[in-house]
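Asker: Handing you this structure, nothing more for now.
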Amino acid sequence: MTAQRRILVTSALPYANGPIHIGHLVEYLQTDIWVRFQKMRGHSCIYVCADDAHGTPIMLSAEKQGIEPQQLIDQMWDKHVADFREFFVDFDHYYTTHSDENRELASLIYKRLNEGGHITRRTIEQAYDEDKGMFLPDRFIRGTCPVCKLPDQYGDSCDNGHTYSPLELIDPVSVVSGKAPVRRESEHYFFKLGDFANMLQKWTSGDNLQDQTRNKLAEWFEQGLRDWDISRDAPYWGFEIPDAPGKYFYVWLDAPIGYMASFKHYCAEAGLDFDEYWGENSTAELYHFIGKDIVYFHTLFWPAMLHGAGFRTPTAVWAHGFLTVDGTKMSKGKGTFIMARTYLDHLDPEYLRYYYAAKLTSAVDDIDLNLEDFIQRVKSDLVGKFVNIASRCAGFITKRFDSKLADELPEQALYKEFVDAAEPIAAHWEAREYSKAVRAIMALADKANAYIDDKKPWALAKDEATLAEVQPICTQGLNMYRALVTYLKPVLPRTAAASEEFLNEAQPLTWDTPQQPLLGHTINKFKPLLQRIDPKDVQSMVDETKPADEAPAPTGPLADDPISPEIVFDEFAKVDLRAARITEAAHVDGAKKLLRLTLDLGGETRNVFAGIKSAYPDPSVLQGRLVVMVANLKPRKMRFGVSEGMVLAAGPGGKDIFLLSPDDGAVPGMRIS
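The letter at position 450 of the sequence shown is residue 441 when you use the numbering used here, and the numbering goes up by one with no holes.
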């Protein structure tokens, strides 16, 4: 056993303006698994979190519902806590940023930064909604992108990735009132991030960040660190800045301080010393699990604020990617924007915990929930391999041997393989290489099942002459299962608890438990632990997620190929169709359907993968041909490379696929309308 560590862990704070969905759960399940593992190893590991309860969206949402913001955040807190609890996310403390502790800490940090000369003021010009009497956050203004002229875009960036000031939008409109905002000046408070450039470059160069994050930060350092606007004007739901009437802390200033506030409240309940974890000279470990979309705040502003205010900086900040479902972005129209509560109404939460664990790595990569693979993996791994070991062995022990295990293991060398696997598997959990841990555990499950298949206890039990051999065989099997459930306990806490019950364990399983096998021990009756997923339950979940459709069920071709969800003309107008000339067409090694097309857009070359190989087995016939392409489609990373657009084709499929061509006289780059 290694020396006990003191560890404090947080997940990013869910916003108190909406329910938890399965995309959010990637983070909380990833964190919970890691924390549970640390506790099994005997370490002091505290997991705190809180609702992010401030900001304009909450204020406006409450107003729309005719309730006070406090009532809204209280209602959402209850829902978040219930969802987390039923997914077995075991926080040591779950709090809110709208707390006395957070107000005091935010004011203290601001005071220290101000006294250190790291706060400055200046007058800025902003968009102001005269109807609502309020300055508008970037996301509450929509208009036409000043760069690419894409309509109906947010006030800070467009769908094509261009960034700009809200005041640069063409024909801006307030999302709140629907009226055009006016320009108005206001004095704002800024945190001088550039004061900490040297400190941040040193801090980010260590082992506290993933390579992808460090590379992104290098770009930001190269651009130069800008002052950060930390104030907002009334009306605003949040904490008022000390000695600045009508000015409020921007939600992103007090949100991460919410980690400290939640822990401080926990300290008061648990009798811990706050400074031992957050003090400048703390020797405890501090880890933040976050999504890749908030890396900027957690790796630049947050450590700089802490350092400038005399607090310790994080040991590490670990980011994860987003969740896609069936290979695409979560979609309400497709029924894949699934709320945690909807999932819980239809499926076992441990299935999702296991599936995410089987996909997660230490990298900042997106993971995909493929619903068909999800069903099959639960069937093959959890039911067919894992709990199958216990169900194949336990019945013989309880029915034929008075529930008592044998006094010795018949295959001690084989069992030693399971015990020796503990440290390599632990190294995977520690390093957040969850998929590697799961693969290693399932490889052991295969060995256990192979052993049982080879010994065939069911056949031996039929003959009184060989019946005695069954007890040690099944004792071997149950001890191998016991090792597996130990290694999977961070992922499957309920199944582990049920296994502890039927194995009649004297105390909960710890990481070292398998070192001493259960021998000469009386077990309890085995009860089914996990069942296969009924595909109908998955379909019901998807159907419930889809928007209600009052239209009659389609018949004919539409029954098999239904029309996609309805869009408005403004959405369709975003598609930018251009003429392009195929300068090169070639087969793609390893691809059955794809051709690689090099397209000339008139001064710009694009690489596009097209699934037209069946219609054009000789790709050379396409060279020189004009086609129509979607020029503003976001590049997509594929197994064979990056596809930078899409060519349009028609036809029923197979050999009958026909590339669309522009009118005669078109030239590469010409817009097609």
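Just so you know, even glycine gets a beta-carbon here, dropped at the ideal spot from N, CA and C.
Please classify His665: is it buried, with 16 or more other beta-carbons within 10 angstroms of its beta-carbon, or exposed?
Answerer: Absent from the model: residue 665. The displayed extent of the chain is -8 to 664, so no value can be given.
Asker: Return helix, strand or coil for Glu271, following the three-state DSSP convention.
Answerer: coil
Asker: Got a sec? Which residues, its chain only, sit under 6 Å from Lys446 by beta carbon, not counting five neighbours each side?
Answerer: Cβ neighbours of Lys446 beyond the five flanking positions: Ile464.
Asker: So which of Ala307, Val618, Ala571 has the shortest CA-CA distance to Ala640?
Answerer: Nearest option by C-alpha distance: Val618.
Asker: Where does Lys350 fall in DSSP's three states?
Answerer: If DSSP states are grouped into helix, strand and coil, Lys350 belongs with the helices.
Asker: Where does Pro463 fall in DSSP's three states?
Answerer: helix
Asker: Is the segment 106 to 116 close to the segment 172 to 184, with three or more CB pairs under 8 Å?
Answerer: yes
Asker: I need the straight-line Cα distance from Arg627 to Val633, nearest angstrom please.
Answerer: 6 Å
Asker: Taking the alpha carbon of Ile49 as the reference point, which residue from Gly33, Asn440, Trp68, Cys40 has its own alpha carbon closest?
Answerer: Trp68
Asker: Give the straight-line distance between the Cα atoms of Leu16 and Tyr278, rounded to the nearest whole angstrom.
Answerer: The alpha-carbon atoms of Leu16 and Tyr278 are separated by roughly 18 Å.
Asker: Using only the alpha-carbon positions, how far apart do Gly134 and Tyr155 sit?
Answerer: 12 Å
Asker: According to DSSP, is Arg(-3) helix, strand or coil?
Answerer: If DSSP states are grouped into helix, strand and coil, Arg(-3) belongs with the strands.
Asker: What whole-angstrom Cβ distance do Thr596 and Leu588 have, given they're in contact under 8 Å?
Answerer: About 11 Å separates the two Cβ atoms, so there is no contact after all.
Asker: Cβ atoms of Ala7 and Ile248: under 8 Å apart, would you say?
Answerer: no
Asker: In three-state DSSP terms, what is Tyr425?
Answerer: helix
Asker: In the DSSP assignment, find the beta strand (DSSP E) that holds Thr315 and state where it starts and stops.
Answerer: 314 to 316
Asker: Let me know the beta strand (DSSP E) ranges lying completely inside the segment 53 to 127, each 3 residues or longer, listed in chain order.
Answerer: Those beta strand (DSSP E) runs which fall completely within the segment 53 to 127 and span 3+ residues are 84 to 87, 110 to 120.
Asker: Please say whether Gln467 and Pro401 have beta carbons closer to each other than 8 Å?
Answerer: yes
Asker: Suppose you measure from the CA of Leu(-1) to the CA of Ala307; what does that come to, to the nearest Å?
Answerer: 11 Å
Asker: Consult DSSP for Gly9 and reduce its assignment to one of helix, strand or coil.
Answerer: coil
Asker: Between Pro5 and the rest of its own chain, which residues show a CB-CB distance below 7 Å, the 5 nearest in sequence each way excluded?
Answerer: Ile11, His15, Asp42, Asp43, His71
Asker: Start and end of the alpha helix (DSSP H) containing Pro247?
Answerer: 242 to 261
Asker: Quick check on the burial criterion: 16 or more other C-beta atoms within 10 angstroms. Buried or exposed for Glu399?
Answerer: exposed
Asker: For Trp219 and Leu373, I'd like the C-alpha separation in whole angstroms.
Answerer: Approximately 49 Å between the Cα atoms of the pair.
Asker: Assuming Pro137 and Leu160 make a contact with CB atoms under 8 Å, what is their CB distance in whole Å?
Answerer: 6 Å
Asker: Specify the secondary structure class of Gln144 as computed by DSSP and reduced to three states.
Answerer: strand
Asker: Which parts of the segment 298 to 341 are runs of the beta strand (DSSP E), unbroken and 3 residues or longer, counting only runs that do not cross its ends?
Answerer: 307 to 311, 314 to 316
Asker: Using only alpha-carbon positions, find the residue among Met296, Trp25, Gln192 that is nearest to Ile100.
Answerer: Met296
Asker: Measuring straight from C-alpha to C-alpha, what distance separates Val533 and Arg332?
Answerer: 13 Å
Asker: Using the DSSP secondary-structure output, state which residues sit across from His279 in a beta bridge.
Answerer: Thr1, Val308
Asker: Around the C-beta of Glu271, are 16 or more other C-beta atoms found within 10 angstroms, so that it is buried, or is it exposed?
Answerer: exposed
Asker: If Glu341 sits next to Arg485, beta carbons under 8 Å apart, how far is it from one beta carbon to the other, in whole angstroms?
Answerer: 6 Å
Asker: Could you check whether Asn440 and Lys376 sit closer than 8 Å to each other, using their CB atoms as the reference points?
Answerer: yes
Asker: By a C-beta neighbour count over all protein chains shown, 10 Å radius and 16 as the cutoff for buried, is Ile58 buried or exposed?
Answerer: exposed
Asker: Going along the chain, which residues of its own chain have a beta-carbon closer than 7 Å to the beta-carbon of Pro172, five neighbours each way excluded?
Answerer: Ala118, Tyr119, Asp120, Leu127, Ile132, Pro163, Ser165
Asker: Within the same chain, show all residues whose beta-carbon is closer than 8 Å to that of Ile388, passing over the 5 residues directly before and after it, in chain order.
Answerer: Ser394, Lys395, Leu396, Gln462, Cys465, Thr466, Leu469, Ile514
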